[in-house]
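Residue numbers (this note's numbering), protein chains in the order written: chain A, 1 to 122; chain U, 1001 to 1107. Notes follow the structure.
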Amino acid sequence: QVHLVQSGAEVKKPGASLKVSCKTFGYTFSAYHLVWVRQAPGQRFECLGWINPYTGETQYGQAFQGRVSLTGDRSLSTAFMDLSRLTSDDTAIYYCARAGRGYEHHGALDVWGQGTVVIVSS
Amino acid sequence: DIQMTQSPSSLSASVGDRVTVTCRASEDIYKSVAWYQQVPGKAPKVLLYAASILESGVPSRFSGSVSGTTYSLTISSLQPEDFATYYCQQYYSLLATFGGGTKVEIK
Chain A
1 QVHLVQSGAE
11 VKKPGASLKV
21 SCKTFGYTFS
31 AYHLVWVRQA
41 PGQRFECLGW
51 INPYTGETQY
61 GQAFQGRVSL
71 TGDRSLSTAF
81 MDLSRLTSDD
91 TAIYYCARAG
101 RGYEHHGALD
111 VWGQGTVVIV
121 SS
Chain U
1001 DIQMTQSPSS
1011 LSASVGDRVT
1021 VTCRASEDIY
1031 KSVAWYQQVP
1041 GKAPKVLLYA
1051 ASILESGVPS
1061 RFSGSVSGTT
1071 YSLTISSLQP
1081 EDFATYYCQQ
1091 YYSLLATFGG
1101 GTKVEIK
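In structure tokens, the structure reads:
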């Protein structure tokens, strides 16, 4: 069964860094792009970026340039999202999702992780 | 960035009603649109992609259409399990963008 399992909730201080993992099951890790999105309270979904697990190619949202890094470990079938210099505006639920309906990153997100709640507070 | 303007932001409807939600794209996105359903505390679930292709396992009362740059999600006969929030997403550009959501509530 295809599914994604993310790491657990995090509470961080402003200025700290965050690392969220996304372990994939039931399909070939390198076959589909993985997209990271977040949902802040009262805000629409926002895309942080995506990674091609086969080549390691990444693309980041302009709002996160210089603060976000997406990586993948094919031996673990796991993707990682690092976000630095956190502020209270980064309080959100973070999701990884597979771009499985389309072509490369131009795809609808057919499988989602369960979400990781991140709270940034002093 | 491509903007997706979704309307209405909320609506009240009864079981059995026909409901339509729309998203207007700021430019041509060539049917690269997906619709998602989200219930509180859960991740979104894809309903349709490529504007009108029904995801496997999704009931046929859900359908999608497009006219120009305006995309629509229609639920032909609302069921109790359909009360949720619905989002559109464009995946034509380098980074996907989402509509603001439509909360469907029980009248």
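Backbone N, C-alpha and C fix where the C-beta goes; we use that ideal spot for every residue, glycine too.
Who pairs with residue i in a beta bridge, going by DSSP?
i, result
"Thr87(A)", "DSSP lists no partner for Thr87(A)."
"His123(A)", "As shown, chain A starts at 1 and ends at 122. That puts residue 123(A) outside it, with no answer to give."
"Lys19(A)", "Asp82(A)"
"Phe1120(U)", "Any question about residue 1120(U) goes unanswered here, given that chain U covers just 1001 to 1107."
"Val11(A)", "Ile119(A)"
"Arg1024(U)", "Thr1005(U), Thr1070(U)"
"Ile1029(U)", "DSSP lists no partner for Ile1029(U)."
"Asp73(A)", "Thr78(A)"
"Tyr94(A)", "Arg38(A), Thr116(A)"
"Tyr60(A)", "Gly49(A)"
So, are the CB atoms of residue i and residue j less than 7 Å apart?
i, j, result
"Trp112(A)", "Tyr95(A)", "yes"
"Cys1023(U)", "Tyr1071(U)", "yes"
"His3(A)", "Ala99(A)", "no"
"Ser69(A)", "Asp82(A)", "yes"
"Ser1097(U)", "Ile1029(U)", "Position check: residue 1097(U) holds Thr in this sequence, whereas Ser was assumed. Result no, Cβ atoms of Thr1097(U) and Ile1029(U) do not sit closer than 7 Å."
"Leu1095(U)", "Gly102(A)", "no"
"Cys1088(U)", "Gly1099(U)", "yes"
"Phe25(A)", "Val37(A)", "no"
"Ser17(A)", "Ser7(A)", "no"
"Gly72(A)", "Gln59(A)", "no"
"Val5(A)", "Lys23(A)", "yes"
"Val1066(U)", "Ala1051(U)", "yes"
"Val40(A)", "Ala97(A)", "Per the sequence presented here, residue 40(A) reads as Ala, with Val not at that position. Result no, Cβ atoms of Ala40(A) and Ala97(A) do not sit closer than 7 Å."
"Met1004(U)", "Gln1079(U)", "no"
"Leu86(A)", "Lys19(A)", "no"
"Ser1012(U)", "Lys1103(U)", "no"
"Pro53(A)", "Phe80(A)", "no"
Given that a residue counts as buried once 16 or more other Cβ atoms are within 10 Å of its Cβ, and exposed if not, what is residue i?
i, result
"Ser1077(U)", "exposed"
"Ile1075(U)", "buried"
"Asp110(A)", "buried"
"Pro1044(U)", "buried"
"Ala1034(U)", "buried"
"Ser1014(U)", "exposed"
"Ser1032(U)", "buried"
"Gly1068(U)", "exposed"
"Pro14(A)", "exposed"
"Ala108(A)", "buried"
"Thr78(A)", "buried"
"Val118(A)", "buried"
"Ala1025(U)", "buried"
"Pro116(A)", "Before going further, note that residue 116(A) is Thr rather than Pro in the sequence given. Looking at its Cβ environment, which holds 16 or more other Cβ atoms inside 10 Å, Thr116(A) is buried."
Could you list which residues in chain U have their beta carbon closer than 7 Å to that of residue i, in chain order?
i, result
"Phe25(A)", "Chain U residues near Phe25(A): none, gap ~15 Å exceeds 7 Å."
Taking Cβ-Cβ distances shorter than 9 Å, what residues in chain U pair up with residue i?
i, result
"Arg44(A)", "Met1004, Gln1006, Tyr1087, Thr1097, Phe1098, Gly1099, Gly1100, Gly1101"
"Tyr95(A)", "Ala1043, Pro1044"
Show which residues of chain A have a CB atom less than 7 Å away from the CB atom of residue i.
i, result
"Ser1072(U)", "Near Ser1072(U) there are no residues of chain A at all, since even the closest Cβ is about 16 Å away, more than 7 Å."
"Ser1052(U)", "Simply none; closest approach about 12 Å."
"Leu1094(U)", "Gln59"
May I ask whether a heavy atom of the ligand SAM can be found less than 6 Å away from the beta carbon of residue i?
i, result
"Gln43(A)", "You won't find the ligand SAM in this model; it holds no ligand whatsoever."
Residues of chain U with a CB under 8 Å from the CB of residue i: which are they?
i, result
"Gly102(A)", "Ser1032, Tyr1049, Ala1050, Tyr1091"
"Gly113(A)", "Ala1043"
"Val35(A)", "Ala1096"
"Cys22(A)", "Residues of chain U passing the Cβ test: none, with the nearest at roughly 12 Å."
Run through chain A and tell me which residues come within less than 9 Å of residue i, C-beta to C-beta.
i, result
"Glu1027(U)", "What Glu1027(U) touches in chain A: nothing, since even the nearest Cβ is about 15 Å away."
"Glu1055(U)", "Arg101, Ala108, Asp110"
* Curious, which full-length beta strand (DSSP E) runs of at least 3 residues does the segment 1036–1077 of chain U contain? -> The segment 1036–1077 of chain U contains these whole beta strand (DSSP E) runs: 1045–1049, 1062–1067, 1070–1075.
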